[in-house]
Amino acid sequence: NVFAQGNIHWHNGMSFDPSKASRIAEYKSSELAFGKYYRIFQFNHNLSETEKQSMNELGIDILEYIPDYFYMVSIDPLINRNRLQYPGFIASFELTKNYKLSKQLVYGDPCIKEGNKYRFVIKYMKGIDVNQIKEVLIHQNISTDRLFPQNQIFYAKLDAHQLDMLATLTWV
370 NVFAQGNIHW
380 HNGMSFDPSK
390 ASRIAEYKSS
400 ELAFGKYYRI
410 FQFNHNLSET
420 EKQSMNELGI
430 DILEYIPDYF
440 YMVSIDPLIN
450 RNRLQYPGFI
460 ASFELTKNYK
470 LSKQLVYGDP
480 CIKEGNKYRF
490 VIKYMKGIDV
500 NQIKEVLIHQ
510 NISTDRLFPQ
520 NQIFYAKLDA
530 HQLDMLATLT
540 WV
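Residues in the sequence shown are numbered from 370 upward in steps of one, following the numbering used here.
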């Protein structure tokens with residue numbers, strides 16, 4: 370990820386525009402998944418372990434580091450809004466479905482097709498119980514032949530409708 374000309378560029382060629390950053394404590398109820406909502410935070414430095422612990426105490430869990438100075442986070446919706454000033458914090462970005470899909474999927478290029486479905490490797494957010502994921506997949510009529518909790522990924526065959534639905538889930 371590179372900060373250039375006012376935009377943060379993402380892995381699939383799309384970019385996050387700092388002028389469209391979201392507020393930390395603002396979310397839509399549809400974004401809640403397993404009691405959390407997710408954002409990408411940008412700082413002006415790498416966070417120390419002490420800073421990460423301090424954020425955790427506020428209700429913000431650091432899930433993953435994304436070079437340079439970005440972090441995937443989960444946020445408790447009951448976060449104390451009065452304590453949200455954080456040194457070095459630059460912006461918060463919502464991760465919508467087009468940011469989650471590879472460039473080929475965003476623009477319609479096919480992947481491996483089996484019958485009327487396509488094979489996908491799906492990564493989900495750290496800290497979610499595998500049984501909760503299985504329940505959601507069953508409820509959405511999505512079958513998975515492999516699930517790897519240690520890497521937060523699962524393999525699935527999806528049709529276009531299922532892919533669209535899955536990409537809208539905040540925990541994917």
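Cβ atoms here follow ideal geometry from the backbone N, Cα and C, with glycine treated the same way.
Ranking 520, 526 and 508 by CA distance to the CA of residue 514 puts 526 first.
One Cα belongs to residue 521, the other to residue 504, and the distance between them is close to 15 angstroms. Contact between residue 416 and residue 435 fails: their C-beta atoms lie close to 12 angstroms from each other, not under 8 angstroms.
When the alpha-carbon of residue 485 is set against those of 528, 445, 427 and 534, the nearest one is in 528. Taking 8 angstroms as the cut-off, the Cβ atoms of residue 393 and residue 443 do not count as close. The Cβ neighbour count for residue 405, taken over all protein chains shown within 10 Å, is at least 16; the residue is labelled buried.
Fully enclosed alpha helix (DSSP H) runs of no fewer than 4 residues occupy 418 to 427 of the stretch 380 to 436, in order along the chain.
Distance between residue 519 and residue 457, taken at the CA atoms: about 31 angstroms. Residue 537 and residue 509 have their alpha carbons spaced roughly 13 angstroms apart.
For residue 534, the secondary structure class from DSSP, reduced to helix, strand or coil, is helix.
Counted as a single uninterrupted DSSP element, the stretch harbouring residue 448 is not any beta strand (DSSP E), since DSSP gives it neither H nor E. In the three-state scheme derived from DSSP, where H, G and I count as helix and E and B as strand, residue 495 is classed as coil. Between residue 448 and residue 427, the beta carbon gap of about 6 angstroms places them in contact (Cβ cut-off 8 angstroms). In the three-state DSSP reduction, residue 522 falls in the strand class (E or B).
DSSP, reduced to helix, strand and coil, places residue 463 outside both helices and strands of the structure shown, so it counts as coil. For the pair residue 438 and residue 507, the Cα-to-Cα distance works out to about 37 angstroms. Within 10 angstroms of the beta-carbon of residue 400 lie 16 or more other beta-carbons, which makes it buried.
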